[in-house]
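Q:
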Amino acid sequence: MEKFTTVTSTAVPLPIEEVDTDQIIPARFLKALTREGFGDNLFRDWRYDAQDQPITDFVLNNPTYSGSILVAGNNFGCGSSREHAAWAIGDYGFRVVVSSFFADIFKGNALNNGILPVQVTPDELVSIFAAIERDASTAFTIDLEQQTFVIEATGAEFSFEIGSYKKMCLINGYDDIDFLLSNRAKIEAFETTQVRF
Amino acid sequence: MSKTLFDKIYDSHVVNSTEGVDVLYIDQHFIHEVTSPQAFDGLARRGIDVFRPTKTLATPDHNVPTINQHLPIDEPLSRAQVEKLYANCQEYGVPIYKLGDDRHGIVHIVGPENGITKPGMTIVCGDSHTSTHGAFGSIAFGIGTSQVEQVLGTQCLIMNRPKTMRITVDGKLSKGVYSKDIILYIISKLTAAGGTGYFVEYAGSAIRGLSMEARMTICNMSIEMGARGGMIAPDETTYEYLKGRTFAPQGEEWDRAMSYWKTLHSDVGASFEREESFDAAEITPMVTYGTNPGMGIGVQDSIPSTNGVATVEKSLRYMDLQEGESLHGKEIQNVFIGSCTNGRIEDLRLVADYVKGKQKAPHVKVMVIPGSKQVERQAIDEGLDKIFATAGFQLREPGCSACLGMNEDKVPRGEYCISTSNRNFEGRQGPGARTILASPMMAAAAAIAGKVVDVRELL
Ligand code: SF4
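Taken in order, these protein sequences are the chains called G and E. Position in the first sequence (from 1) plus 1101 gives the number in our numbering. Position in the second sequence (from 1) plus 3 gives the number in our numbering.
(1) Would you grab the beta carbon distance between GLY430 of chain E and ASP1192 of chain G for me? Rounded to a whole angstrom, and I think it's under 8 Å.
(2) Note down, in chain order, every chain G residue with its Cβ under 9 Å from the Cβ of SER81 of chain E.
(3) Between the alpha carbons of SER342 of chain E and PRO68 of chain E, how many angstroms are there, rounded?
(4) Could you check where the beta strand (DSSP E) with PRO1114 of chain G kicks off and where it finishes?
(5) Is the Cβ of ILE146 of chain E closer than 9 Å to any Cβ of chain G?
(6) Just to make sure I have the definition right: I need the residues of chain G whose C-beta is within less than 8 Å of the C-beta of ILE161 of chain E. Which are they?
(7) Please name the residue, chosen from E:GLU276, E:THR220 and E:THR38, that lies closest to MET234 of chain E on a Cα-to-Cα basis.
(8) Helix, strand or coil: how does DSSP classify ILE126 of chain E here?
(9) Thinking just about the alpha-carbon of each residue, which of E:ILE286, E:ILE29 and E:ALA364 is nearest to the one in ARG1297 of chain G?
(10) Please classify MET409 of chain E: is it buried, with 16 or more other beta-carbons within 10 angstroms of its beta-carbon, or exposed?
(11) Please name the residue, chosen from G:ARG1148, G:PRO1127 and G:ASN1162, that lies closest to GLU1184 of chain G on a Cα-to-Cα basis.
(12) What is the DSSP secondary structure of LEU36 of chain E, counted as helix, strand or coil?
(13) Specify the secondary structure class of THR240 of chain E as computed by DSSP and reduced to three states.
(14) Measuring CA to CA, which of E:PRO307, E:PHE139, E:ASN66 and E:PHE275 is closest to SER191 of chain E?
(15) Spell out whether any CB of chain G is found under 9 Å from the CB atom of TYR28 of chain E.
(16) Compute the beta-carbon to beta-carbon distance between ALA273 of chain E and THR7 of chain E, rounded to the nearest angstrom, for a pair I have assumed lies under 8 Å.
(17) Applying the 10 Å Cβ sphere with the 16-neighbour rule, what's the burial state of HIS132 of chain E?
(18) Give me the Cα-Cα distance between LYS121 of chain E and GLN377 of chain E, rounded to the nearest whole angstrom.
(19) Cα separation between GLN1247 of chain G and THR249 of chain E?
(20) Report the neighbours of GLY1167 of chain G on chain E: residues whose CB is nearer than 8 Å to its CB, in chain order.
(21) Kindly identify the DSSP beta-bridge partner or partners of SER1200 of chain G.
(22) Name the chain G residues that come within less than 9 Å of VAL1 of chain E, Cβ to Cβ?
(23) Would the beta-carbon of PRO401 of chain E fall within 9 Å of that of SER422 of chain E?
(24) Should the segment 208-218 of chain E be regarded as contacting the segment 175-187 of chain E, the criterion being three or more beta carbon pairs within less than 8 Å?
(25) Check distances from the C-beta atoms of the segment 195-207 of chain E to those of chain G and list, in chain order, the residues that come in under 7 Å.
(26) Which one or two residues does DSSP pair with VAL539 of chain E in a beta bridge?
(27) In chain order, what residues of the same chain have a beta carbon less than 6 Å from the beta carbon of SER81 of chain E, not counting five sequence neighbours either side?
(28) Which residues in chain G have a C-beta closer than 8 Å to the C-beta of ARG380 of chain E? List them in chain order.
(29) Closer than 8 Å, Cβ to any Cβ of chain G: which residues of the segment 425-437 of chain E, in chain order?
(30) Does DSSP classify ALA196 of chain E as helix, strand or coil?
(31) Look at the alpha carbon of GLY207 of chain E and the alpha carbon of ASP258 of chain E, and state the distance between them as a whole number of angstroms.
(32) Grab me the residues of ILE1206 of chain G's own chain with a C-beta within less than 6 Å of its C-beta, minus the 5 sequence neighbours each way, in chain order.
(33) Would you check if the segment 146-166 of chain E and the segment 237-244 of chain E touch, i.e. whether three or more CB-CB distances between them fall below 8 Å?
(34) Thinking C-beta only, is GLY96 of chain E closer than 9 Å to THR125 of chain E?
(35) Considering just the uninterrupted stretch of the alpha helix (DSSP H) at SER1260 of chain G, what are its terminal residues?
(36) What residues are listed by DSSP as bridge partners for ILE1299 of chain G?
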């Protein structure tokens, strides 16, 4: 997994709440056998019409906005456990998703793929959307070590939470399976103590 | 110290606690064709084996066709995924119930009906509705593909202990109100994100009075309020259901299991981070009007005001519905009866009992998808297939089908579908499809009437 330290980038605003995983990547695009290529179908049904033509007023089709930070409304990533949602976001080029609330499974899936979910307060989210609206070229800096999110144009700084274990994994580029494999002897010992029906 | 049911099971499965996280042992892992190929791929890349192959069970369900399952799958991408699952299981020695096997079906139906799902277990699957298995008093939850790989490789997961919430439903259900209505009602009150971060235990006399099938419907939809999972303490109903099933313990082992299972309840005085309670008598037949399962109302109620909230307005535009409108009498074009929420024999019996001797409305297309081969066989043995055929309902072969529209079974753009499944997201049942979630009885009645009706007026 790619190491994550700091990201400075412009951001793409998606001020929609309850963005569910069926919107992030509709089920009919889940038939791949690898993790790559899902970015092409990220937000497919908002991005393209029934004739596969780009819907011009959707933000990913608007050249004004770009960058590796996605800023979205409350309860982002609700719905299914499909990790394809995180793969699609990563494959498209996002490394950070900012929202005032994330669904549990999505949050875990994002972290397992080197994508940082940054949870801010509802007021902070409003000010981030406002900063993008004022100037789409405004940059934001996320510093994982410091756990800070900075709006470069105003200097406003917000802090965010992340568990110490996941922080360690992201900074070092480790994943859970490396950690679990290092616990193998303990797992085997545990099994011998178990009576299961 | 008093402990919750959740804590009892969780604590007994912690292998190691370190760095602020727990290594949790998983007793049973289920996999299907859509979320597992990349996990096996990951194992191969790391050069590791499946650690405990017999603790995983595979069944293809998400993208399989629901007709002609004895023939090779037409759609090349679906076929490739199913064949990949077969090949992976073969290579790693993972048991599988293939298409055509008489134990095949939707993963969350197959586990319980074969007695694989039992009280006190930890159960995971790369599917959010794994919470279904919690109905037996087990900790069951959905995971992502990276975690599927972890379980395949180590039989464990890294966990942050979730918070616990108890939802108590006391009182007597009115006629025409079913477990699906209970859970849609709860989600409408707590909202689609209201349970995030929590593991839920359902309790109270209304829950105790439910069959295992009905309990599974409740636990199944826990994820629709954002909760990681839902569970119900085992009792006589649970033991009765389990007894004699293929993988249920037998003889002396059954007795030993029973003495363990009887310890599986929240102790008096156990404390939950959050408690909610509801009165069963207040619940009416529910329908959803929006594009998340929290947007539910009683069938006679009016759609609440959007209060100018853009997301809600967008949702109503998608559904082509207005605030203040009631869904009662709304014409529908499609009916879907099936899914891991309501595709069990009890659901099919209820539907057949009502439609017996009736005919569907001419403009409505009705699909009945059994949750498994066993459900299908039972339906045929009991003659339900004939009732469906006379009524103009199409009984097909098992799979997820129009619950998520990955195979050919899709709802056409712009049409309404009253569905017994669990999600009404935009495009869930096909691009542009408009889903109204409801109980099997509401779906059956709508199929006959051609519009949304209040089942209480018919019973
Ligand atoms: S029936 Fe629907 S909800 Fe259940 S496992 Fe299949 S796709 Fe998921």
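No residue lacks a Cβ here, since even glycine has one placed at the ideal position from N, Cα and C.
A: The short version:
(1) In the second sequence, residue 430 of chain E corresponds to position 427, counting from 1. In the first sequence, residue 1192 of chain G corresponds to position 91, counting from 1. Between ASP1192 of chain G and GLY430 of chain E the Cβ distance is about 20 Å, and since that is not below 8 Å, they are no contact.
(2) Stepping through the second sequence from its first residue, residue 81 of chain E is reached at position 78. LYS1132, listed in chain order.
(3) Indexing the second sequence from 1 puts residue 342 of chain E at position 339. Indexing the second sequence from 1 puts residue 68 of chain E at position 65. Rounded to the nearest angstrom, the two C-alpha atoms are 14 Å apart.
(4) The residue you call residue 1114 of chain G lines up with position 13 of the first sequence. Taken as a continuous stretch (DSSP letters only), the beta strand (DSSP E) holding PRO1114 of chain G covers 1112-1115.
(5) Residue mapping note: residue 146 of chain E aligns to position 143 of the second sequence, counting from 1. Interface residue, yes.
(6) The residue you call residue 161 of chain E lines up with position 158 of the second sequence. The contacting residues are TYR1266, ASP1277, PHE1280 and LEU1281.
(7) Locating residue 234 of chain E in the second sequence gives position 231, where the first residue counts as 1. It is E:THR220 whose Cα lies nearest to the Cα of MET234 of chain E.
(8) By 1-based counting over the second sequence, the position of residue 126 of chain E is 123. Three-state result, ILE126 of chain E: strand.
(9) In the first sequence, counting from the first residue as 1, residue 1297 of chain G sits at position 196. Checking every option, the nearest Cα to that of ARG1297 of chain G belongs to E:ILE29.
(10) Residue numbering aside, residue 409 of chain E sits at position 406 when the second sequence is read from its first letter. Looking at its Cβ environment, which holds 16 or more other Cβ atoms inside 10 Å, MET409 of chain E is buried.
(11) Locating residue 1184 of chain G in the first sequence gives position 83, where the first residue counts as 1. Comparing Cα positions, the closest option is G:PRO1127.
(12) Sequence index remark: in the second sequence, residue 36 of chain E carries index 33 (1-based). Reading the sequence as shown, one finds Glu at residue 36 of chain E and not Leu. It is coil, neither helix nor strand.
(13) As a first step, residue 240 of chain E is located in the second sequence; it is residue number 237 there, counting from the start. Residue state, collapsed to three classes: helix.
(14) For the purposes of this step, residue 191 of chain E is taken as residue 188 along the second sequence, with counting starting at 1. Of the listed residues, the one whose Cα sits closest to SER191 of chain E is E:PRO307.
(15) One-based indexing of the second sequence puts residue 28 of chain E at position 25. With 9 Å as the cut-off, TYR28 of chain E counts as an interface residue toward chain G.
(16) Your numbering for residue 273 of chain E matches position 270 in the second sequence. Your numbering for residue 7 of chain E matches position 4 in the second sequence. That belief holds up - the Cβ atoms of ALA273 of chain E and THR7 of chain E are roughly 5 Å apart, short of 8 Å.
(17) The residue labelled residue 132 of chain E in the question sits at position 129 within the second sequence. When all chains shown are included, HIS132 of chain E counts as buried.
(18) Taking the first residue of the second sequence as position 1, residue 121 of chain E is located at position 118. Taking the first residue of the second sequence as position 1, residue 377 of chain E is located at position 374. Rounded to the nearest angstrom, the two C-alpha atoms are 19 Å apart.
(19) Your numbering for residue 1247 of chain G matches position 146 in the first sequence. Your numbering for residue 249 of chain E matches position 246 in the second sequence. Approximately 54 Å, taken between the alpha carbons.
(20) Counting from 1 along the first sequence, the entry for residue 1167 of chain G is found at position 66. It should be noted that the sequence gives Ser, not Gly, for residue 1167 of chain G. Result: empty, since nearest Cβ-Cβ is about 23 Å, beyond 8 Å.
(21) Working through the first sequence from its first residue, we reach residue 1200 of chain G at position 99. SER1200 of chain G is bridged to G:GLN1220.
(22) Lying outside 4 to 462, the shown extent of chain E, residue 1 of chain E is not represented and no answer is given.
(23) On the second sequence, residue 401 of chain E is found 398 positions in, with the first residue counted as 1. On the second sequence, residue 422 of chain E is found 419 positions in, with the first residue counted as 1. Against a cut-off of 9 Å, the Cβ pair of SER422 of chain E and PRO401 of chain E comes out as no contact.
(24) yes
(25) ALA195, ALA196, THR199 and GLY200
(26) Because chain E spans 4 through 462 in this model, residue 539 of chain E falls outside it and cannot be assessed.
(27) Residue numbering aside, residue 81 of chain E sits at position 78 when the second sequence is read from its first letter. Same-chain partners within the cutoff: ASN66.
(28) What you label residue 380 of chain E is simply residue 377 of the second sequence in a count that begins at 1. Neighbours of ARG380 of chain E on chain G: none; closest Cβ ~27 Å, over 8 Å.
(29) ARG426, PHE428, GLU429, GLY430, ARG431, PRO434 and GLY435
(30) Counting from one through the second sequence, the residue named residue 196 of chain E turns up at place 193. Three-state DSSP puts ALA196 of chain E in coil, outside helix and strand.
(31) Position 204 of the second sequence, counted from the first residue, corresponds to residue 207 of chain E. Position 255 of the second sequence, counted from the first residue, corresponds to residue 258 of chain E. Straight-line Cα distance between these residues: approximately 27 Å.
(32) By one-based count along the first sequence, residue 1206 of chain G stands at place 105. Result list for ILE1206 of chain G: SER1182, in chain order.
(33) no
(34) Walking along the second sequence from the start, residue 125 of chain E turns up at place 122. Walking along the second sequence from the start, residue 96 of chain E turns up at place 93. No, they are not a contact pair.
(35) The residue given as residue 1260 of chain G occupies position 159 in the first sequence. Element bounds for SER1260 of chain G: not the alpha helix (DSSP H) but the beta strand (DSSP E), 1258-1260.
(36) Within the shown structure, residues of chain G are numbered from 1102 to 1298, placing residue 1299 of chain G beyond reach of any answer.
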